[in-house]
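Colleague:
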Amino acid sequence: MTPACPREDDVVAAILVPGWPNSCDETLVAHANTCEVCRDIVEVASMLREERSSVYDGVSVPAAGQVWWRAAIRARLEATQTVARPLTWLYGVSGACVLGLLVAVVGWLWPPVQQAATWIGAHTWSFTWGVNLGEAASALSPLAQTTGFLVLGAAACLVLAPIALYLALSDD
Amino acid sequence: MREATLNDVERIGAFGDAERTFLMTEEAFRTFYEQTARPVWAYLARTTGDDRLADDLLQEAYYRFLRTRASFEGDDHRRHYLFRIATNLVRDHRRRPRRDGGAVDSSEIERLPVDSSAADRAVRRLDLNRAMARLKPRERSMLLLAYVQGFSHAEIAGVLGVKKASLKALLYRARQRLLGMLETPGERGEGE
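Quick mapping for you: the protein sequence lines, in order, are chains A and B. Quick note on our numbering: the first sequence kicks off at 1 and runs consecutively. Quick note on our numbering: the second sequence kicks off at 1 and runs consecutively.
Encoded structure:
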């Protein structure tokens with residue numbers, strides 16, 4: 001059980017105003033000298049308040065105008081960043097789409113890439129299903145190629161989108 | 001990369017916007033700041049044990065205070081809210097790696113006055129600072145709010161987020177620990 005004193009609050013209130021103990025109620029001062037709880041309060045509060053006075057002597061806080069000015073600038077900057085954030089996302093996604101499209105178009109127009117895509121497509125099917133679909137792929141060549149390029153473009157977009165977003169959103 | 005910056009014209013415009021962004025006029029802020037800046041700074045300096053950090057946290061505390069959408073019943077309510085922000089900032093800061101709060105700054109010893117009574121006071125202050133640094137952060141805040149800022153138990157409970165009913169006992173324990181450490185300066189506190 002924590003020791004308590006019914007006059008604790010009175011002692012705290014008295015010690016917080018300047019003039020303790022000389023200009024305070026004598027009975028309260030006498031009580032504080034005899035009561036263990038109140039004596040501790042007076043001791044701790046006196047030390048802390050004396051220390052606070054010494055801290056106050058040397059302290060120089062920034063001017064109110066300066067604090068206001070900095071807060072205003074910072075609020076404005078944060079507002080600017082908040083407004084710019086959706087645009088940055090939009091730039092990132094658009095950039096990724098354009099890059100993906102570019103990869104698809106280049107692949108379509110470039111014969112070696114076209115051949116490689118056909119080869120990869122045929123071997124992927126073969127690997128996945130355990131069946132050699134090379135002949136079937138060559139029979140369905142135009143369709144397979146078109147689909148392959150679209151898949152390639154979408155895959156490029158999927159890979160590039162996070163990278164583009166990361167680059168667009170990173171601050172450094 | 002793209003970076004949001006303000007040009008000079010926008011900076012000037014920021015002043016006009018500020019009074020719309022903040023729920024306080026500059027004039028009202030100045031008055032409030034003059035009344036509270038020093039106590040808040042002293043509180044921050046004593047709870048963190050770092051004057052420079054107190055400077056930074058002071059600016060941050062007022063910024064957060066200005067950005068708040070809360071409505072206040074009066075100046076006392078405003079002041080308590082500000083102290084709550086300051087307490088939270090100190091708490092957030094404590095979660096990061098910190099320097100040893102119990103260590104004595106050698107420059108502080110070098111600054112001790114030669115006059116014996118002044119030297120005694122300075123040594124007592126040094127002991128007090130060391131003992132305060134060894135208290136648990138919550139105990140430190142509690143003692144400062146109760147015996148330096150003069151907050152009531154209900155107000156302290158609101159600022160620190162503890163139950164009002166248990167505050168008397170917590171304060172008693174904090175006082176005992178502080179006095180105990182001042183009697184035996186070598187004791188290591190649990191707060192470290």
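Glycine included, C-beta positions come from ideal geometry on N, C-alpha and C. Predicted model only: the values in this text are computed from it and were never measured.
1. Given GLU8 (chain A), which residues of its chain have a CB within under 7 Å of its CB, disregarding the five upstream and five downstream residues?
2. Pick helix, strand or coil for CYS97 (chain A), following the three-state DSSP scheme.
3. Indicate the three-state DSSP secondary structure (helix, strand or coil) for MET181 (chain B) in the structure shown.
4. Is there a Cβ from chain B that is less than 7 Å from the Cβ of THR2 (chain A)?
5. Of all Cβ atoms in chain A, is any one closer than 7 Å to the Cβ of GLY101 (chain B)?
6. Look up SER23 (chain A) in the DSSP assignment and say whether it is helix, strand or coil.
7. With distances taken from CA atoms, which of A:PRO21, A:ARG49, A:ALA30 is nearest LEU145 (chain B)?
8. In angstroms, rounded to a whole number, what distance separates the CA positions of ALA45 (chain B) and LEU53 (chain B)?
9. Please compile the residues from chain A whose C-beta is within a distance smaller than 7 Å of the C-beta of LYS164 (chain B).
10. Please work out which residues of its chain come closer than 8 Å, Cβ to Cβ, to GLN35 (chain B), disregarding the five sequence neighbours upstream and downstream, and give them in chain order.
11. Short of 8 Å Cβ to Cβ, which residues in the stretch 20-48 of chain B face chain A?
12. Between TYR62 (chain B) and TYR33 (chain B), which are expected to be in contact by the criterion C-beta below 8 Å, what is the C-beta distance as a whole number of angstroms?
13. Below 8 Å CB to CB, which residues in the same chain sit around ARG69 (chain B) once its five sequence neighbours on both sides are set aside?
14. DSSP three-state call for GLU27 (chain B): helix, strand or coil?
15. On the criterion of 16 or more Cβ atoms from any shown chain inside 10 Å, does PRO3 (chain A) qualify as buried, or is it exposed?
16. Going by DSSP in three states, LEU135 (chain B) sits in which element: helix, strand or coil?
17. What in chain A is Cβ-close to VAL148 (chain B), meaning under 7 Å?
18. Should ARG30 (chain B) and ALA14 (chain A) be called a contact, given that it needs their Cβ atoms to be closer than 7 Å?
19. Cβ atoms of GLY92 (chain A) and LEU158 (chain A): under 7 Å apart, would you say?
20. Closer than 7 Å by C-beta to LEU82 (chain B): which residues in its own chain qualify, once you throw out the five before and the five after it? Chain order, please.
21. Of all Cβ atoms in chain B, is any one closer than 7 Å to the Cβ of LEU16 (chain A)?
22. Express the C-alpha separation of VAL59 (chain A) and GLY191 (chain B) in angstroms, rounding to a whole number.
23. Would you please verify whether the beta carbon of VAL104 (chain B) is less than 7 Å from any beta carbon of chain A?
24. So, do the stretch 153-166 of chain B and the stretch 77-93 of chain A have three or more beta carbon pairs nearer to each other than 8 Å?
25. Where does GLY58 (chain A) sit, in a helix, a strand or coil, going by DSSP?
26. If you draw a straight line from the C-alpha of ARG134 (chain B) to the C-alpha of ALA155 (chain A), how long is it?
27. Please state the DSSP three-state secondary structure of PHE72 (chain B).
28. Using beta-carbon positions only, say whether TYR147 (chain B) and ALA45 (chain A) come within less than 7 Å of one another.
29. In this structure, how does DSSP classify PHE151 (chain B) when only helix, strand and coil are distinguished?
30. Report the rounded CA-to-CA distance for ARG38 (chain B) versus ASP51 (chain B), giving the unit in angstroms.
Modeller: The answer reads as follows:
1. VAL37, CYS38, ILE41
2. helix
3. Look at MET181 (chain B) here: in three-state DSSP terms it is helix.
4. yes
5. Low local confidence applies: a pLDDT of 48 at GLY101 (chain B) is under 50, so the model's placement there is unreliable, with the coordinate-based value given in what follows. It does not: the Cβ of GLY101 (chain B) has no partner Cβ on chain A nearer than 7 Å.
6. coil
7. A:ARG49
8. 7 Å
9. The contacting residues do not exist; LYS164 (chain B) stays about 13 Å from chain A at best.
10. ASP75, ARG79
11. THR21, PHE22, GLU26, PHE29, ARG30, TYR33, GLU34, ALA37, ARG38, TRP41, ALA42, ALA45, ARG46
12. 7 Å
13. LEU23
14. helix
15. Here PRO3 (chain A) is exposed: its Cβ has fewer than 16 other Cβ atoms, across all protein chains shown, within 10 Å.
16. Three-state DSSP puts LEU135 (chain B) in coil, outside helix and strand.
17. Ordered by position in chain A, the residues that pass the 7 Å Cβ test against VAL148 (chain B) are LEU48, ARG49, ARG52.
18. Between ARG30 (chain B) and ALA14 (chain A), the C-beta gap is not smaller than 7 Å, which leaves the two residues out of contact.
19. no
20. In its chain, beyond the 5 residues on either side, THR36, VAL40, ALA61, PHE65 have a beta carbon closer than 7 Å to the beta carbon of LEU82 (chain B).
21. yes
22. Because GLY191 (chain B) sits at a pLDDT of 44, beneath the cut-off of 50, its placement in the model cannot be relied upon, and the following sentence gives the value as read from the coordinates. Rounded to the nearest angstrom, the two C-alpha atoms are 27 Å apart.
23. Interpretation of VAL104 (chain B) is limited by its pLDDT of 49, a score under 50 that renders its predicted location unreliable; no figure is taken from the coordinates.
24. The stretch 153-166 of chain B is not in contact with the stretch 77-93 of chain A.
25. helix
26. 58 Å
27. coil
28. yes
29. coil
30. 12 Å
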